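Notes to accompany the following structure.
Chains as they are written, first to last, in the working numbering: chain A, 5 to 305; chain B, 28 to 447.
Here it is, written out as C-alpha cells:
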C-alpha cells in the first residue's frame, strides 16, 4: 500500500482515525492529570508510607491503612460531620436558592439589581468570604455578638468557635451563603425555560399560585433540580477551604469533614498512605452518590 | 572587629576557591518563607550576596513560599524528586524529612571545616538518629511586653511571677463602656489555629509550674502534679476570658500593639509589630514573669541528600557563610534578634535596639533551662502530639474537666503516639 494512501485521513475508512487523532491530546491530558494521580493514590493507600516519593521503590502491599481507618473513631466522626453538612447545607442552599430564584424571576422595579445581589456571594472568592465571616462571628469583637447583645438575645458574648455546636452552625451558615446563589442561578435558568402558556392555562382553570408552583413549576424544574442537587452535594462533600479557614476542623473535631481529615493526615501528619485511603473512600462515596442521583433525575420528570 | 571580619572573609574565600572552579554556571535553589520578612529577610539577602560574590558563576534562585503552605510545598518538592538544594525548614518539621533520609548528614562537613558549634543555641535539636542533619538558625526566648499606661491607671506594678500576673490580668480585663462586651483584656494568647502555637502559649504556664511534656530521656511526663497545676492555670486564663478567644497569633499581637491587651509574653518578632501599633508609646518590655520563659528553636538550614555532590559542597559553603561569626553578628543587627552563635558580636545590635540585652537575657534563660517547643522523644510525631494537646486542652475548657483527668488522658495518648 502506498504510504500517502495509508495516511489519507479523508478516506471514508480512515475518517474515524482523524476523530481519534483529534481527541488524543485531550485523552492523554486526562490520563496524565486525572487517571494517573488517581492510580497513584489508590496504590499509595495500599502501602504503609509516610511521606510518599514517586521515584522510590514500592512498599509491600498492605490493607493496614483501611483496617486502621475503619477502626478509627475520627474517621466515623468525619463521615458523620460530612453527612450532616451535606444534608443541612444542601437543604439550606435549595430552600434559599429556590426562594430567591422565584423572587427574581418576577418582573419588578430593581429586578436587575436584585439578581446581581443574589449572585454576589458566588462571585466573592471563598477565602475572602470566610475571613469576613470569621470577623463577623469573632468571639470578642464580632458584629454578631454585638447584635445579639443589643437585641437582648444573650447577656454575654458567645464563643462561636470554642463551642462545637456553635462552630458547626457557623460553618453551615457560611456554606449556605456561599452555595445558594449557584442553586438560584440554575433554577432561574430553569424557570425561564417554562413556557408562560402553562401558567396562563392554569390561571384560566382557576389554579392558585400554590397549585401552579406544585403542579407546573416544580415538575418542570425537576431535571435542573436533579443535576443541581448532585453538584451542590458534591461541592459540600469535597469543600475544604471554608471549613479549613474558619475552624480548621475544630473544636474537638466538630467540623472535621473527610476532606479536612485527608489534608491533615497528608500534610499535617505526613501520612500519605493513610490519607490516600481516606481519599479513596471519599471518591467511592462520591461516585455512588452521584451515580444514584443522576440515574434517578430523569425518572422524576 | 574589622580585622577579624576580613580574616573570616579571606578564609571563606580561600576555602570556597576549589568548589568555585567546579561550579561555573550553576544555580542553587533556595526556598524560604522569610524572604520578605523585615530584618531577617534582609539578612538572608546579605548571605546570598556574599555567597554569589565569593562563588563567581554560581547563582542562588531564592523563592518565597508562604509559611501556611510551606510544609505542603516542601513535601511536594521532595516527593517529586526536585528538592531545593539549600533546605530551610521549621525546627518542628525537619524531623520527618530527616527520617526519610532526605537531609544530608553534616557531621563530616562540620569536622572537615572545623566549625565550632559549642554553645550554639538549640543545636541539640538538629541531632537526628545520632547524626547532625542541620544547623539551627534561630533560638528565641519570650519576654514580657506590657502597656505601662493601663498598669498605671490600675495602680499595678509590672508582674514578676504568676500570682502577680494573674491578679494584674484579672484587674485589667474590662468592659469599658458597660455594653456587656469586654473591650480590654488582661493578656492575650492564640487559641485558634495550629497545635504547635497553642502548645507554645500554654507553655508559659506549664513551664512556670515546673511541668514538662517529656524528660531528657524522652519519657512522657504529663501526668504529674506540676503539669496538672500548669493546665489549671491555662484553664483559668482562658475560661475566665482573661484572653480574647479564638484569635490567631497575628491578630492577638495586633490587638496588643493597638492597646486592647495589657500584658503579652512573646518572642523577638513582637517588636516590629509594636512599632506599627497605635499603643506604641505606651508599651514597655521586661523579663517574663514566668520562669523559665518559653523558648525554642525556630528554623534550620540543611542540605538535600539527593542533589549532586558538587551542589552539596556549594550548599555547605552557603551554610558556612550563614554560620560565620561575621554573619551571625550581622544577624543580630539586621534581625534585631539574638543569633544562635555564642561568638557573635552583638555590641552593634545592643546600641541599635534598646531592648536587645533583654532579648539576650530571655534567650539565655530559656536556653539554660533547655526549654524547647519540641519535646524530646516526640519529635517525629510532633504535629500529632501538638494537635492532641490542643484538643484535650480545649475539651478541658469546653467541658469544664478536671485538669488531673486531662493530664492523665494526655499522658495515655502521648504514650500511644510514641509507640506508633
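Even glycine gets a Cβ: it sits at the ideal position worked out from N, Cα and C.
Computed from a predicted structure; not experimentally measured.
The beta carbon of residue 56 of chain A falls within 8 Å of a beta carbon belonging to chain B, placing the residue at that interface. Taken through DSSP and simplified to helix, strand or coil, residue 154 of chain B comes out as strand. With respect to chain B, the C-beta atom of residue 29 of chain A has no partner C-beta closer than 8 Å. Under the Cβ criterion of 8 Å, residue 12 of chain A is not counted among the residues facing chain B. Comparing alpha-carbon positions, the option among B:188, B:271, B:229 lying closest to residue 316 of chain B turns out to be B:188.
Against chain B, a Cβ distance below 7 Å from residue 252 of chain A picks out 220.
As the crow flies, the alpha-carbon of residue 241 of chain B is around 21 Å from that of residue 421 of chain B.
The shortest CA-to-CA distance from residue 358 of chain B to any of B:135, B:428, B:197, B:166 is the one to B:166. For chain A, the residues of the stretch 414-439 of chain B that bring a beta carbon within less than 9 Å of one of its beta carbons are 414, 417, 418, 421, 422, 424, 425, 426, in chain order.
When C-alpha distances from residue 155 of chain A are compared across B:373, B:207, B:183, B:267, the shortest belongs to B:207. Residue-level contact check: residue 277 of chain A does not touch chain B, since none of the beta carbons of chain B fall below 8 Å from its beta carbon. Residue 212 of chain B sits in a strand when the DSSP states are folded into three classes. Non-local beta-carbon contacts of residue 59 of chain B in its own chain, meaning distances under 6 Å to residues more than five positions away in sequence, involve 115 in chain order. Taking C-beta separations shorter than 7 Å and ignoring five residues to either side along the sequence, the partners of residue 246 of chain A in its chain run 130, 134, 175, 178, 179, 182, following chain order.
Pairing residue 66 of chain A with residue 412 of chain B, the inter-Cα distance amounts to about 26 Å. Just measuring C-alpha positions, the residue of A:230, A:53, A:136 sitting nearest residue 250 of chain A is A:136. DSSP places residue 124 of chain B in no beta strand (DSSP E) but in the uninterrupted alpha helix (DSSP H) bounded by 121-126. One thing to note: residue 211 of chain A has its Cβ within 8 Å of the Cβ of residue 219 of chain A. By alpha-carbon distance to residue 308 of chain B, the top candidate from B:144, B:175, B:274 is B:175. When Cβ-Cβ separations below 8 Å define contact, residue 255 of chain A makes contact with chain B.
If you check each beta-carbon in the stretch 107-123 of chain B against every beta-carbon of chain A, the ones closer than 7 Å belong to 107, 108, 123. With a 10 Å radius around the Cβ and a threshold of 16 neighbouring Cβ atoms, residue 136 of chain B comes out buried. Judged by DSSP in its simplified three-state form, residue 110 of chain A adopts coil rather than helix or strand. Counted as a single uninterrupted DSSP element, the beta strand (DSSP E) harbouring residue 328 of chain B occupies residues 326-330. With 16 or more neighbouring CB atoms inside 10 Å of its own CB, residue 144 of chain A falls in the buried class. Residue pairing of residue 89 of chain B in beta bridges, as defined by DSSP: B:57. Put simply, the CB of residue 52 of chain A is far from chain B, with every gap to its CB atoms at 8 Å or more. Collapsing the DSSP output to three states places residue 282 of chain A in a helix.
Within the same chain, Cβ atoms closer than 6 Å to the Cβ of residue 188 of chain A are found at 101, 104, 105, 122, the five residues on either side in sequence being excluded. Between the stretch 272-281 of chain B and the stretch 209-226 of chain B, the count of C-beta pairs closer than 8 Å reaches three or more; the two stretches touch.
Sorting B:349, B:120, B:427 by C-alpha distance to the C-alpha of residue 152 of chain B places B:120 at the top. When secondary structure is reduced to three states using DSSP, residue 163 of chain B falls in the strand class.
Taking 8 Å as the cut-off, the Cβ atoms of residue 54 of chain A and residue 276 of chain A count as close.
Counting only the Cα atoms, residue 332 of chain B lies some 24 Å from residue 77 of chain B.
When secondary structure is reduced to three states using DSSP, residue 149 of chain A falls in the helix class. Under the 8 Å criterion on CB atoms, residue 244 of chain A is classed as non-interfacial with respect to chain B.
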